[in-house]
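Using numbering that gives the first Met the number 0, read the sequence shown as starting at 0 and increasing by one per residue. I have placed the structure first, in the form of structure tokens, so that the comments after it can refer back to it.
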Amino acid sequence: MGVLTSNPLVTPSDFNVISVAGVSSPGSVEITGAERPYKWDEKPTAGAQGSTITYRGWDLAKPQAKFTFWEPEQISTFFTSFLPLLQYDASKTSPKPVQCSHPAFAAADIKAVVVTKIGQLENDGNQRYSIIVEFLEYRLPPKVNATSTPKSSSPDSPKKSDGSQGPKQSAAEDALDRATDVARAKAAQPLPKP
Numbered sequence: 000m001g002v003l004t005s006n007p008l009v010t011p012s013d014f015n016v017i018s019v020a021g022v023s024s025p026g027s028v029e030i031t032g033a034e035r036p037y038k039w040d041e042k043p044t045a046g047a048q049g050s051t052i053t054y055r056g057w058d059l060a061k062p063q064a065k066f067t068f069w070e071p072e073q074i075s076t077f078f079t080s081f082l083p084l085l086q087y088d089a090s091k092t093s094p095k096p097v098q099c100s101h102p103a104f105a106a107a108d109i110k111a112v113v114v115t116k117i118g119q120l121e122n123d124g125n126q127r128y129s130i131i132v133e134f135l136e137y138r139l140p141p142k143v144n145a146t147s148t149p150k151s152s153s154p155d156s157p158k159k160s161d162g163s164q165g166p167k168q169s170a171a172e173d174a175l176d177r178a179t180d181v182a183r184a185k186a187a188q189p190l191p192k193p
């Protein structure tokens, strides 16, 4: 998994810019969808409750960047210097992924992306304009097969290597377990007859 390279409560300005191929974006940027999705196959069990799940590795992230501008120079710089780094022309060269740097990308271990859609310049009101760019994470598959089917869940109190018990549940977790047990017991009771 990635590492958060900047804390938004300490240096919020780091989250207002994205670097693409070493070029910083003008204006401000808001990143959404920089998540780490996981792939699981679910196989329902015939005639019984539950399913068998098989881990299939990481899925590709689909982040979006909303670029916002409030000065004419920001819009000009975006369209003349920054946007060309994200555009493809297959008649001239084959599309290639671009290296991106943003704290949200780093936290999700997203290092390179391809562009799937460039939106139009929108008037957000109050002398602000924006454009949304949609990405697809670029990640080659690993050489090692990451597929596995879990055999069981981890115990609540795992034993440490020295044989002692691991961390205990908090009081809130114990209360939640008790409430869940009570709810399951009530759900298992037959309905009253009218």
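Where a beta carbon is used, it is the ideal one built from N, C-alpha and C, also for glycine.
Query raised in the report: Do Gln73 and Pro25 come within 9 Å of each other at the CB atom, strictly closer than that value?
Result: Reading the sequence shown from its first residue, position 26 is the one you call residue 25. Reading the sequence shown from its first residue, position 74 is the one you call residue 73. Yes; because the gap between Cβ atoms is below 9 Å, this pair is in contact.
Query raised in the report: If you draw a straight line from the C-alpha of Gly118 to the C-alpha of Leu139, how long is it?
Result: If you number the sequence shown from 1, residue 118 lands on position 119. If you number the sequence shown from 1, residue 139 lands on position 140. Whole-angstrom Cα-Cα distance: 27 Å.
Query raised in the report: For Ser129, does the count of other Cβ atoms within 10 angstroms reach 16, so buried, or fall short, so exposed?
Result: For the purposes of this step, residue 129 is taken as residue 130 along the sequence shown, with counting starting at 1. Per the 10 Å Cβ criterion, buried.
Query raised in the report: Under the DSSP definition of a beta bridge, which residues are partnered with Phe134?
Result: As a first step, residue 134 is located in the sequence shown; it is residue number 135 there, counting from the start. Its beta-bridge partners are Val114.
Report task. With DSSP collapsed to three states, give me the class of Asn15. Result -> As a position in the sequence shown, residue 15 is number 16, starting the count at 1. Asn15: helix per DSSP, three-state reduction.
Query raised in the report: Is the beta carbon of Asp13 within less than 8 Å of some heavy atom of the ligand HEM?
Result: The model on display carries no ligand, and the ligand HEM is accordingly not part of it.
**Report entry** For Tyr54 and Leu85, the rounded distance between their alpha carbons
**Finding:** One-based indexing of the sequence shown puts residue 85 at position 86. One-based indexing of the sequence shown puts residue 54 at position 55. Rounded to whole angstroms, Leu85 to Tyr54 spans 33 Å at the Cα level.
Query - Closest Cα partner of Lys38 within the set Gly56, Leu135, Gly32 - result: For this step, residue 38 is matched to residue 39 along the sequence shown. Among Gly56, Leu135, Gly32, the Cα nearest to that of Lys38 belongs to Gly56.
Query raised in the report: With burial defined as no fewer than 16 other Cβ atoms inside 10 Å of the residue's Cβ, what is the status of Val9: buried or exposed?
Result: Sequence index remark: in the sequence shown, residue 9 carries index 10 (1-based). Exposed.
Query raised in the report: According to DSSP, which residues form a beta bridge with Asp40?
Result: Sequence index remark: in the sequence shown, residue 40 carries index 41 (1-based). According to DSSP, which records beta bridges pairwise, Asp40 is partnered with Thr53.
**Report entry** Proximity to Tyr87 [Cα-Cα], best of Ala103, Val114, Lys42, Gly49
**Finding:** What you label residue 87 is simply residue 88 of the sequence shown in a count that begins at 1. It is Val114.
Requested in this report: Could you check which residue in Val132, Lys142, Ser152 has the C-alpha nearest to that of Gly32?
Outcome: As a first step, residue 32 is located in the sequence shown; it is residue number 33 there, counting from the start. Checking every option, the nearest Cα to that of Gly32 belongs to Val132.
Query raised in the report: Just curious, the beta strand (DSSP E) that Ile30 is in, first and last residue?
Result: The residue you call residue 30 lines up with position 31 of the sequence shown. Looking at the DSSP string, the run of the beta strand (DSSP E) that includes Ile30 is 27–31.
Requested in this report: Spell out the partners DSSP gives Gln98 in its beta bridges.
Outcome: Within the sequence shown, the letter at position 99 stands for residue 98. Answer by DSSP bridge pairing, in chain order: Ala111.
Query raised in the report: Tell me which same chain residues have a C-beta within less than 8 Å of the C-beta of Pro36, skipping the five on either side of it?
Result: Along the sequence shown, one-based indexing puts residue 36 at 37. Contacts found: Trp57, Asp58, Leu59, Ala60.
**Report entry** Environment of Pro11 [buried if 16+ CB atoms lie within 10 Å]
**Finding:** For the purposes of this step, residue 11 is taken as residue 12 along the sequence shown, with counting starting at 1. The residue in question, Pro11, is exposed, as its Cβ has fewer than 16 Cβ neighbours within 10 Å.
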